[in-house]
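Student:
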Amino acid sequence: LRIGDRKSVSGNHVRPALGLHEEQIEDGNMKVVVQRNELTEEEMVAALEQYDLDVRVHCNRNSIANWNVATDTENVELQEVQNNVSLEYAKFRNDYYEQYFKTANVDSYQSDKVRKQLRMLKDLGTAALPAEKLASLNRVMRKMDTAYQLAEVCPYTNQQCGPSDPKWTLDPEMEKVLAESHDYDELVYVWRRWREESGKKMRSDYKDYVELVNEAARLNGYDDYGDLWRSKYDDPQLRQTLDRLWGEVEPLYAELHTYVRYRLFDLYGEKMDEDNPMIPAHLLGNMWAQSWANLYDRLKPFPEASLVDVTAKMKELGYNATKMFQMSDEFYQSLGLPSSAMSYGPKAVIEKPPQKIVCHASAWDFCDGEDFRIKMCTNVNMEDFITVHHEMGHIMYFMLYKDQPNLFRTGATPAFHEAIGDTIALSVATPNHLRKVGLLDEYADSQADNVNALFEMALERVAFLPFGYLIDMWRWDVFSGAVNESQWNAHWWKLREKYQKVYAPVERTEDDFDPGAKYHIPASSQYIAYFLAHILEFQFYRSLCIEAGQYDPASESSQPLHKCDFFNSKAAGDKLREGLSLGYSEDWQVALEKLTGEREISGKALLDYFEPLYRFLKEENRKFKVAEMGHIVERYNEQYSLACNAQVKAQYATQVDVGNPQLQQEMTEIMNANTQFVLDNYNHFFADVDPTMVSDPLLSRQLQFLTEISINKLPQDSLAKLQFALGRMQNTYSSAKICPFTDQSCKTGELSLDPEMYEIMAKSENYDELLYTWKEWRRSTGRLMKRDYADYVEIMNRAATLGGYNDMGELWRGAFEQKDFVDGMKRLWSELQPFYSELHAYVRRKLKAIYGERMEDHAGKENIPAHLLGNMWAQSWVNLYDRTKPFANTVELDITESLKAKNFTVRQLFEIANEFYVGLGLPDNSMSYDVTRGAMIEKPTDGRVVTCHASAWDFCDREDFRIKMCTRMNMEDFVTIHHEMGHINYYILYKDQPVTLRSGANPGFHEAVGDTISLSVATPKHFEKIGLLEGYRDSYEENINALYQKALDRVAFLPFGLLIDMWRWEIFAGKVEYSQWNERWWQLREEYQKVSAPVERDGDDFDPGAKYHIPYDSQYVSYFIAHILDMQLHKALCTAANQYDPNDPTKPLHKCDIDGSRRAGDLLRAGLSLGRSVHWSEALKAMTGETELRTDALLEYYKPLA
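Counting with full-length UniProt numbering, you get residues 1 to 1202 for the letters of the sequence shown.
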């Protein structure tokens, strides 16, 4: 039975005649007559009308019994009467339920009103419990209520008080201490002791309570009591609605919280933890930190501004409680609404009587359409003046819907009732209104005055929002069992820290029960209504202000919303009457539309109201943050290092055990948490910071990156969709296999990319086998991920726009800190393209000699079929060396056989590479290939699927650096090891930079470092030096072959290194239609690489996805830059090592080996240790003396070959 807070008792009632319907059911040879009592539409209407007459009488009696107890709380006789009345009421309701409503088929009735009432009547609430369990519930409720009402503590100045000594109660003594004391320790004492004497004593009772109300909920057809409570809002998406609303208002709360926290440091100094972004819960002027209004005098932004507190004026004019209620009555009547004089008449309690009562202000409807009362211990002050108007809002709502059936005599939702009085209070509290009623004489109405007034209002209204949100979030989790009873208190503080951003000032355990220290928990009173009400009130207020002509949102010259007073507006009153008179008879959206013209609850009006304050707080917080930004960033770096470590570990785990769903789930959860961490810090500390305003160059540089955000700003659903798309593509790539060319039904097994397909593409000369392998790999990878890539592009672009970029390509390019970046890359390519063309033409002639007529398929073009170049992507042609080398009768520059002949282990290859770096005076890298510390340097044999693509990992803790690689015993991997160790050494050299600056000077630098070392390592001179090459003649022919072999790897790569991101930039920018993605891919490959697809490609193909870096969201142009930069670095290091002299023909650049040169190592250290703490041009200058990328070193290196 839904009648608000009212309950009724049983009594005599007239039952309407029932329609008796019979039907025969055959059961074997017997016929059974089944009687079904089903009321017709007319009969049900009559039953509901009779019920309405009966329940009004019982509701009245029940309300009187409740009133008597609330106004004389220690009267045991009245409590017994109340209990008996409650039980009789439950019987009355059950009787009606059993007779008429239990088996009623709600949907069989035509009338909306009948169906609505039946749905309510079939929900018995706790009355559904058997009598003995209902009595148990009532006993438990009384025990908790008694524990709350009678809780008292020894005064702070007499903490060991005796039984007869004075004690402090919550109201007034403890609330006064929390409101007025500046003594940190006294505040802690009162905060702690209240919880020990209230909540802690009711934990076991609350467990019984939860079991009983959950049983009642299940008897009513609900999953749990939270499910039952939420049903009162007629919103199946209530949780999503609440999440949305909190998301709308949270930025305002965050700014208020930040400002108050900074100001509290002025009061409590060292008592507060500078590293904790939360506020101790006992310092906010209220026992529950739900209102911060008591801090206003200490924290108001402009201490000398006009004061909006009419308390003194009220006392000067001789106000009393009756006068305050009369003025409230006059306000409502000025709107054309009826008088509510009876509510503060003789039957009401508007001043504290001699006996003990529940002083919590409340409005009462006695269900007879005539008796409405206020219960309030009124004090003559401005706070209670506003509260009076609030409570009278409930009374007005009662009166306006009093002619509805009793079931509909309640708010459209529980939140509407709270919102109405608060809406009126917003108008009443304006300086404009207070002046009109003679309570405010001097008020300058300056900007400072307005900010102060809004700040005071925000300390009450905005500060309350997260508390109003989380109380029922906690209870719903408790009712549903989502939180185990052993974690009740921990979960309470988890929510308070997450939403309120407050923390307990003393240690809390599961022996404590801090939720019970809040009245509404032991009282079993829903609380989410207050959260919704605090948003609805501004939505209502905005609508009434517009109706009254006091606010025009479309006009810039209109007075701001917070100044509106609709006193005396009949139009506003008509709007209220139209919406409130509906009660619960219509869906809440209808009532909301009547009141506001909108059908969705929105936080926009609240944000409009506080907009001037929001702007002020953001600017003030920005100043505070700048002043302590060094400490903020230092703290962020410490926290981010831990978060980064956890994420990298999770990502690494999924790479060495591909397809493990548990690891994938763990990684997703960690990434989501880290995303939220970064976003929270961005919003809280960095969003509005201008790095150029910070004088410290290192701090300014960190802020340059911390103030840029994209992916992490995505909504959770978009981020989840992005991770899903990436996960699917990456899993497709990592697990893809094909059938062998000679067994295309896979009877003998399948081939992996590494090593089987690599070997085929590298060594086979069978045109058809190469074509088959090339085609099948793309069918098994790219073609399966095109749709996911479309999702990826759409979400990545959305993320880029959140970061202030046009698309993700623009964001990526921004990392290179070069305004003309695309033109710069094209310029570099134009300088290199003639040399590449000569190499391409030479290789094409050689291949035509091998494949003859098969190459004629591409007659008329200078292109080479993409599958013939010894590599799955034609990015490296080095595997063609043996078949195309210029001089056949030379010693091969390939140490593969030498490595095998010496029986080297994989670990020994890594040790050789480490010795090279150490020899330059650079750090030891041995931890990076230590398998006991987690490195993976060989492909596992335990059946795990792994991502074999070689990679180096920085685990963000300055200690853990690893290489992941399925190492093969050949020259290519020997060189690759040196390359990956270059990443490791870069990590180690910049590890002492702040974590934000631990990265390459730009994305190309990381790749270049390892490649620079590889240039020395791959020289014949170096191979000879370390005993891996013998009999090598340093002749013209050997030199040309060596340069040719290297060009097949590095020069052949250049156009591919550029075009991948050229293609992606066009896709991100929307320049290519989805159906043309693959076609554009091949246009670029033909233009830059001069290679062609060996078979026809169609719109469903997605050949870019067959390359690792596409599904793995890894930029690629950095490799193009690296292949130019490595030569630039190599030239500088070789010069420093005295291994290169352009004027000495015995020291050409291509023969240089810097092994053992400490001077070269010093240059590397000087540049690499900078990380990205400076612009990349400065890091380049530290190593080369130059500030721009140049191609002259590369062309100089290959000059003999060219």
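Even glycine gets a Cβ: it sits at the ideal position worked out from N, Cα and C.
Only a predicted model underlies this, so the values are computations on that prediction, with no experimental measurement involved.
In the DSSP assignment, the beta strand (DSSP E) including residue 951 goes from what residue to what residue?
Tutor: Here the beta strand (DSSP E) through residue 951 covers 951-954.
Student: By the DSSP assignment, the alpha helix (DSSP H) with residue 933 in it spans what residues?
Tutor: Careful: residue 933 lies outside any alpha helix (DSSP H) and carries neither H nor E.
Student: Determine the direct distance from the alpha carbon of residue 406 to that of residue 36, and round the result to whole angstroms.
Tutor: Legend: pLDDT at residue 36 = 42, less than 50; position of this residue unreliable, value from coordinates given subsequently. If you take the alpha carbons of residue 36 and residue 406, they lie about 28 angstroms apart.
Student: Just to confirm my understanding: we take residue 1050, look at its own chain, exclude 5 residues before and 5 after, and list those with CB closer than 6 angstroms. What are they?
Tutor: Taken in chain order, the residues that qualify are 1123.
Student: For the segment 305-374, which segments carrying the beta strand (DSSP E) assignment without a break, of at least 3 residues, lie completely within its bounds, in sequence order?
Tutor: Whole beta strand (DSSP E) segments, 3+ residues: 362-365.
Student: Can you have a look at residue 160 and say buried or exposed, based on whether 16 or more other CB atoms are within 10 angstroms of its CB?
Tutor: Counting Cβ neighbours within 10 Å, residue 160 comes out exposed, since fewer than 16 surround it.
Student: Return the CA-CA distance between residue 1150 and residue 888, expressed in angstroms with no decimal places.
Tutor: Cα to Cα, residue 1150 sits roughly 21 angstroms from residue 888.
Student: From what residue to what residue does the beta strand (DSSP E) around residue 496 run?
Tutor: Here residue 496 belongs to no beta strand (DSSP E), and DSSP marks it neither H nor E.
Student: With distances taken from CA atoms, which of 936, 855, 862 is nearest residue 868?
Tutor: Among 936, 855, 862, the Cα nearest to that of residue 868 belongs to 855.
Student: Would you kindly report the start and end of the unbroken beta strand (DSSP E) that includes residue 113?
Tutor: Segment 112-121 is the alpha helix (DSSP H) holding residue 113; no beta strand (DSSP E) there.
Student: From the DSSP output, in three-state form, read off residue 1092 for me.
Tutor: Reduced to three states, the DSSP call for residue 1092 is strand.
Student: Going by the CB atoms, is the gap between residue 831 and residue 1184 shorter than 8 angstroms?
Tutor: No, they are not a contact pair.
Student: Taking the alpha carbon of residue 254 as the reference point, which residue from 386, 607, 973 has its own alpha carbon closest?
Tutor: Nearest of 386, 607, 973 to residue 254, Cα basis: 607.
Student: For residue 962, which residues does DSSP report across the bridge?
Tutor: Paired residue(s): 953.
Student: With residue 1002 and residue 817 assumed to form a contact (beta carbons below 8 angstroms), what rounded beta-carbon distance in angstroms separates them?
Tutor: The Cβ separation is near 6 angstroms, so the contact holds.
Student: Under 6 angstroms Cβ to Cβ from residue 564, same chain only, skipping five residues before and after it: list those, please.
Tutor: Hits under 6 angstroms: 545, 550, 551.
Student: My output table needs one value for residue 280: the three-state DSSP class, helix, strand or coil.
Tutor: Strand at residue 280.
Student: Among all the DSSP beta bridges, which residues are the ones paired with residue 503?
Tutor: According to DSSP, residue 503 bridges with 280.
Student: Using beta-carbon positions only, say whether residue 1200 and residue 1043 come within less than 8 angstroms of one another.
Tutor: Contact flag set, yes.
Student: Can you grab the Cα-Cα spacing for the pair residue 977 / residue 969, in whole Å?
Tutor: Each residue's Cα considered, the two are about 11 angstroms apart.
Student: Measure the beta-carbon distance from residue 361 to residue 391 and round it to whole angstroms, keeping in mind my assumption that it falls under 8 angstroms.
Tutor: So it is a contact: roughly 5 angstroms between Cβ atoms.
Student: Give the straight-line distance between the Cα atoms of residue 28 and residue 105, rounded to the nearest whole angstrom.
Tutor: Any reading at residue 28 must be qualified, since the residue scores a pLDDT of 38, below 50, and its modelled position is unreliable; the value itself is stated next. Roughly 29 angstroms between the two C-alpha positions.
Student: By DSSP's criteria, residue 751 is part of a beta bridge. Which residues make up the other side?
Tutor: Residue 751 pairs with 738.
Student: Compute the Euclidean distance between the alpha carbons of residue 426 and residue 517, then round it to the nearest angstrom.
Tutor: Cα to Cα, residue 426 sits roughly 29 angstroms from residue 517.
Student: Would you report the Cα separation of residue 755 and residue 246, rounded to the nearest angstrom?
Tutor: So the two alpha carbons sit approximately 53 angstroms from each other.
Student: Roughly how many angstroms separate the alpha carbons of residue 1018 and residue 796, rounded to a whole number?
Tutor: One C-alpha to the other measures close to 39 angstroms.
Student: Quick check on the burial criterion: 16 or more other C-beta atoms within 10 angstroms. Buried or exposed for residue 633?
Tutor: Classification for residue 633: buried.
Student: Report the three-state DSSP secondary structure of residue 1202 (helix, strand or coil).
Tutor: Correct three-state label for residue 1202: coil.
Student: Give the single residue among 300, 1034, 496, 128 whose Cα lies nearest to the Cα of residue 468.
Tutor: Checked all of 300, 1034, 496, 128; the closest Cα to residue 468 is 496.
Student: With a threshold of 8 angstroms, are at least 3 pairs of Cβ atoms found where one atom belongs to the segment 401-416 and the other to the segment 378-385?
Tutor: No: the two stretches stay apart, fewer than three of their Cβ pairs being nearer than 8 angstroms.
Student: Please list the segments of the alpha helix (DSSP H) lying wholly inside the segment 1019-1074, counting only runs of 4 or more residues, in order along the chain.
Tutor: Taking only runs of at least 4 residues, the alpha helix (DSSP H) segments lying wholly in the segment 1019-1074 are 1020-1025, 1036-1050, 1054-1068.
Student: Could you check what DSSP says for residue 996 in three-state terms: helix, strand or coil?
Tutor: Correct three-state label for residue 996: helix.
Student: Find the nearest neighbour of residue 1175 within the set 597, 1000, 1037, judged by alpha-carbon distance.
Tutor: The shortest Cα separation from residue 1175 among 597, 1000, 1037 belongs to 1000.
Student: Of the residues 1169, 994, 233, 1132, which one's Cα is nearest the Cα of residue 698?
Tutor: Closest option to residue 698, Cα to Cα, is 994.
Student: Under 7 angstroms Cβ to Cβ from residue 473, same chain only, skipping five residues before and after it: list those, please.
Tutor: If we look at residue 473 and ignore the five residues flanking it on each side, its Cβ neighbours are 495.
Student: With distances taken between CB atoms, is the gap from residue 955 to residue 929 smaller than 8 angstroms?
Tutor: Against a cut-off of 8 angstroms, the Cβ pair of residue 929 and residue 955 comes out as no contact.
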